[in-house]
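The following block contains the structure:
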């Protein structure tokens with residue numbers, strides 16, 4: 194591996210670059226701060242270019258393995274490869290959780306059904322309202338401008 198430092202450069206020129214013996218860029222840091230792994234011309238703050246499938250970003254703390262990559266089936270993949278849930282945050286709190294058995298919880302971090310939705314405690318008198326819970330056995334109809342019923346127990 195070769196390491197090159199270019200000193201003062203323009204924002205689009207390499208400031209630091211690591212290459213293999215053949216000169217192929219392994220990692221590049223441009224003068225403007227963009228970092229590229231597998232590319233000499235990163236177009237964003239972090240660009241990872243790979244020709245391999247199932248290759249990308251993996252974060253592992255020794256127990257939980259979280260991944261973000263392009264899979265062999267041609268799809269973008271995000272998730273865990275260990276027996277751990279995947280949580281989606283907004284405003285610094287969990288809003289949705291996909292557990293290791295495939296249950297999806299919205300408004301709960303411990304879903305008990307394939308789709309487990311916990312509505313807010315206040316039901317609006319107009320607009321769209323919903324209510325699904327795996328523990329409730331009756332249909333719920335809430336007063337809205339477009340009234341509808343939701344039946345629990347989606348499995």
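Numbering (this note's numbering), first residue to last: 194 to 348.
C-beta atoms are modelled at their ideal positions from N, C-alpha and C, and glycine is treated no differently.
Do residue j and residue i count as a contact pair if the criterion is CB distance below 7 Å?
i: residue 308; j: residue 291; result: no
i: residue 270; j: residue 264; result: yes
i: residue 260; j: residue 251; result: yes
Could you check the C-alpha separation between residue i and residue j for me, to the nearest Å?
i: residue 254; j: residue 296; result: 24 Å
i: residue 224; j: residue 210; result: 11 Å
i: residue 231; j: residue 298; result: 37 Å
i: residue 284; j: residue 213; result: 42 Å
i: residue 288; j: residue 258; result: 21 Å
i: residue 228; j: residue 221; result: 6 Å
i: residue 310; j: residue 275; result: 25 Å
i: residue 234; j: residue 206; result: 8 Å
i: residue 281; j: residue 217; result: 37 Å
Helix, strand or coil, according to DSSP, for residue i in the structure here?
i: residue 261; result: strand
i: residue 244; result: coil
i: residue 207; result: strand
i: residue 213; result: coil
i: residue 311; result: coil
i: residue 284; result: coil
i: residue 273; result: strand
Counting C-beta neighbours from all protein chains within 10 Å, is the total for residue i 16 or more, i.e. buried, or is it exposed?
i: residue 208; result: buried
i: residue 262; result: buried
i: residue 236; result: exposed
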